[in-house]
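Residue numbers (this note's numbering): 44 to 999.
For each residue, glycine too, the CB sits at the ideal point set by N, CA and C.
Predicted, not measured: the structure shown is a model, and the values here were computed from it.
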């Protein structure tokens with residue numbers, strides 16, 4: 044009313060516009076009223092308040108957070124006034140349980156005490172906008188609700204101070220229970236959709252009344268449902284549909300049906316196949332955990348960053364895929380929850396622990412760890428095609444009670460006959476085979492299964508029949524295992540085919556596929572294979588197990604005659620008998636899809652231990668240059684963890700060799716073995732690595748082996764089984780391998796590897812003055828005048844012959860006569876040089892490593908315990924000196940154990956009877972390199988070239 048004092052507040056949104064209008068009242072004689080007072084009813088006269096500053100704060104943080112996790116706040120300071128906010132100070136008083144970690148602002152920060160943060164923002168001009176991030180961590184014991192308030196102050200008068208503070212409220216969720224897995228794109232639509240919850244704490248949790256939702260529909264867990272520590276439960280829509288796909292009943296279901304399963308209340312959410320949110324709330328309705336996948340809302344409270352996407356990689360199926368939490372390799376438990384896609388096994392950010400898939404019917408928890416044991420055992424190594432058939436059939440013929448076989452195919456008539464003989468004498472014979480191998484089940488296999496069934500044996504298949512809602516658990520049932528009388532276990536690289544296991548008379552040779560078969564009575568291996576068999580072969584619980592039947596689909600074509608041809612005579616058998624070993628052995632069982640990509644143990648863990656002087660030799664059907672999509676992929680974007688582990692071992696100084704199959708290889712494919720060799724060869728040359736790759740077919744019908752030999756710190760390991768070098772093999776197939784520590788087995792199989800390594804044959808047809816490969820060891824490269832330290836000198840030897848040479852007590856030196864003031868060194872006992880292998884001797888291994896990035900095989904001076912020394916021979920030369928080559932000329936002489944010259948290189952002022960010397964190199968750091976490495980004319984000018992890029996260990 045007229046005469047009343049009115050309080051008016053300047054609006055920050057109307058800076059610079061008239062805010063208060065003073066009116067002239069009737070009868071006032073035109074007098075203007077004082078600012079802040081007004082009367083009703085007459086025209087206004089405008090005036091403005093004085094200009095001022097106005098500091099406005101904003102603070103946001105997570106709605107929920109767990110103890111011992113990082114809490115990140117976004118802080119914003121604005122001056123929306125007309126004047127500069129002078130000497131602005133920002134203060135954050137951290138509540139108890141919150142600890143400062145870092146901030147991203149450029150302003151000075153002081154901390155009067157542990158819980159007070161003060162930023163000196165200085166003078167903030169009008170319209171200033173300051174934003175930064177504050178990072179904190181939650182303590183272990185914090186609980187309830189966390190309220191964090193920030194305040195600002197300035198010496199400038201403000202229009203308002205009510206906006207000088209901001210608060211972020213976070214509900215502390217202990218995260219005792221998390222969403223562990225989500226099966227949203229079910230094989231049976233909405234019916235078999237399922238969510239797994241896991242209690243990650245050490246105490247039971249009552250989850251009665253908790254809710255699973257997609258934001259629109261909600262399923263409610265019944266009262267008094269107790270989730271035990273470190274266990275998971277499955278919630279599903281329809282219990283019967285879930286059981287059909289998973290092979291066991293769910294723990295809770297919206298529709299239990301005939302199964303004795305507690306019923307969920309509410310409505311099953313029905314998660315969208317193209318993207319949705321999975322929300323877990325406790326009984327009080329507080330949001331506990333969130334998963335956002337595919338096209339779901341990434342702005343959902345409780346989630347941060349991009350949505351999780353299923354991993355499809357190299358044609359891995361998206362339908363039926365289960366999103367599940369990434370596991371810690373040491374504990375098997377989920378990694379710390381960060382509310383991001385990185386928490387999940389499908390994350391693309393981790394090529395070993397991420398980029399995984401999972402499908403119904405797997406048991407990741409039971410087989411997350413490899414089985415490791417040291418125990419007394421008898422182990423037989425059988426080599427295909429040489430003796431593996433004979434070793435297997437001998438064991439089958441001695442079986443008395445039961446034979447169980449899980450493998451890809453059965454196409455060998457001879458193996459089938461042995462199984463029929465066993466069945467005829469009362470042995471229970473059961474086979475589990477892949478129902479959809481490449482090319483389908485053949486007439487040969489159908490014929491043999493019919494014969495076995497007629498003899499009282501059983502042929503079962505793991506099948507896929509979508510119209511009947513039957514989906515096989517694995518991409519391929521590719522393991523090759525046998526259990527004989529529950530006392531013997533067989534783990535193999537070979538299928539039961541006439542090509543892999545030829546049964547011909549080996550006395551005149553044979554023809555087949557290279558591979559290795561292991562037979563053992565190791566109790567833990569037998570027990571593990573029993574467990575694996577019981578899991579995979581369970582026709583009562585798993586609908587994908589189907590027995591052969593005399594129906595059109597399973598009978599061979601009318602008039603079919605089985606193929607009995609086998610073997611040949613082209614390959615001369617090298618191993619007439621399988622090799623037996625007995626003793627105490629460290630053993631490790633590795634399997635896919637559950638644990639073959641662990642890198643703290645298993646194959647990757649073993650290779651990761653290889654370093655200077657160690658060996659990693661691989662003989663493999665195939666090793667992909669990269670995983671992921673074939674088109675557009677690369678080792679950079681989609682690395683093959685196996686291949687990268689081999690390369691890393693070479694970078695650490697190990698001798699790494701890959702022998703890959705050429706028989707089945709398609710060189711035009713970007714993921715061929717040829718592409719792999721091209722990739723690693725380029726790296727080896729660029730980085731000067733002891734890394735070689737070759738394609739081979741030593742036994743006529745290809746390399747079917749999956750063998751990795753590793754020697755670490757003088758101890759030999761062998762890895763044999765069914766694992767190929769593909770993503771499918773490690774992530775989607777059923778595979779099995781056995782890793783054994785045995786020096787004797789390593790020696791046997793490394794001999795096999797060396798003999799299988801391809802030897803180049805140079806034919807002299809239509810050539811003038813042809814000189815074939817030398818029949819003795821050669822000096823292949825010498826660096827005598829390196830820049831800097833002379834201790835980086837090296838001498839390289841090569842074996843151009845098809846034989847393995849024992850060069851124990853061979854000598855290397857520059858003394859022509861025993862009385863010369865020069866030096867001669869001997870190779871220690873046990874020094875072996877395989878065909879096409881090199882051997883590098885350096886003056887000082889430590890300096891050599893600094894120059895070339897890898898260690899030599901031997902050194903003259905004792906500079907590192909990682910490289911063995913050549914032994915000084917005091918009967919030659921002068922013991923006061925050491926083998927060091929002259930820059931103006933010298934001789935390099937390789938002698939055998941009887942001191943007869945095997946090969947000689949002379950250069951510059953050096954000379955040797957019957958040998959023509961090379962001139963000195965014209966470039967510093969150029970080596971003398973033999974080209975081709977196998978030719979020897981005793982004329983250095985003819986045999987050697989000046990080479991400006993020394994490459995010890997690599998042949999031209």
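Cut-off 8 Å between Cβ atoms - residues of its own chain near residue i, not counting five sequence neighbours on either side
i, result
"residue 208", "100, 192, 193, 194, 195"
"residue 356", "398, 400, 670, 671, 672, 681, 770, 774"
"residue 983", "948, 949, 950, 958, 959, 960, 961, 971"
"residue 887", "832, 834, 835, 902, 903, 904, 906"
"residue 223", "239, 240, 241, 275, 367, 368, 377"
Sequence-distant residues of its chain with Cβ nearer than 7 Å to residue i (five each side left out)
i, result
"residue 394", "682, 684"
"residue 747", "536, 537, 543, 556, 557, 558, 664"
"residue 399", "354, 388, 389, 774"
"residue 465", "439, 442, 446, 472"
"residue 576", "447, 449, 526"
Cα-Cα separation between residue i and residue j, rounded to whole angstroms
i, j, result
"residue 343", "residue 333", "8 Å"
"residue 211", "residue 136", "12 Å"
"residue 249", "residue 96", "54 Å"
"residue 966", "residue 877", "33 Å"
"residue 559", "residue 433", "13 Å"
"residue 940", "residue 900", "19 Å"
"residue 871", "residue 963", "32 Å"
"residue 260", "residue 102", "32 Å"
"residue 596", "residue 489", "9 Å"
"residue 995", "residue 753", "22 Å"
"residue 919", "residue 944", "14 Å"
"residue 765", "residue 585", "24 Å"
"residue 990", "residue 822", "15 Å"
"residue 662", "residue 215", "54 Å"
Cβ-Cβ separation, residue j to residue i (assumed contact under 8 Å), whole Å
i, j, result
"residue 293", "residue 256", "Contact flag wrong, Cβ pair sits at about 18 Å."
"residue 254", "residue 403", "Not quite, the Cβ-Cβ distance comes to about 24 Å (not below 8 Å), so this is no contact."
"residue 384", "residue 348", "6 Å"
DSSP state of residue i mapped onto helix, strand, coil
i, result
"residue 487", "helix"
"residue 980", "coil"
"residue 136", "strand"
"residue 762", "strand"
"residue 577", "helix"
"residue 785", "coil"
"residue 155", "strand"
"residue 896", "coil"
"residue 236", "coil"
"residue 470", "coil"
"residue 567", "helix"
"residue 552", "coil"
"residue 523", "coil"
"residue 719", "helix"
"residue 790", "helix"
Cβ neighbour criterion (16 or more within 10 Å) applied to residue i
i, result
"residue 771", "buried"
"residue 834", "buried"
"residue 786", "exposed"
"residue 891", "buried"
"residue 530", "exposed"
"residue 931", "exposed"
"residue 756", "exposed"
"residue 604", "exposed"
"residue 548", "exposed"
"residue 745", "buried"
"residue 131", "buried"
"residue 197", "buried"
Neighbourhood of residue i by C-beta, 6 Å cutoff - its chain only, sequence neighbours within 5 removed
i, result
"residue 874", "850, 851"
"residue 428", "545, 553, 555, 742"
"residue 478", "504, 505, 506"
"residue 974", "988, 999"
Closer than 8 Å to chain C by CB, residue i
i, result
"residue 625", "Note that chain C does not occur in the displayed structure, where there is just one protein chain."
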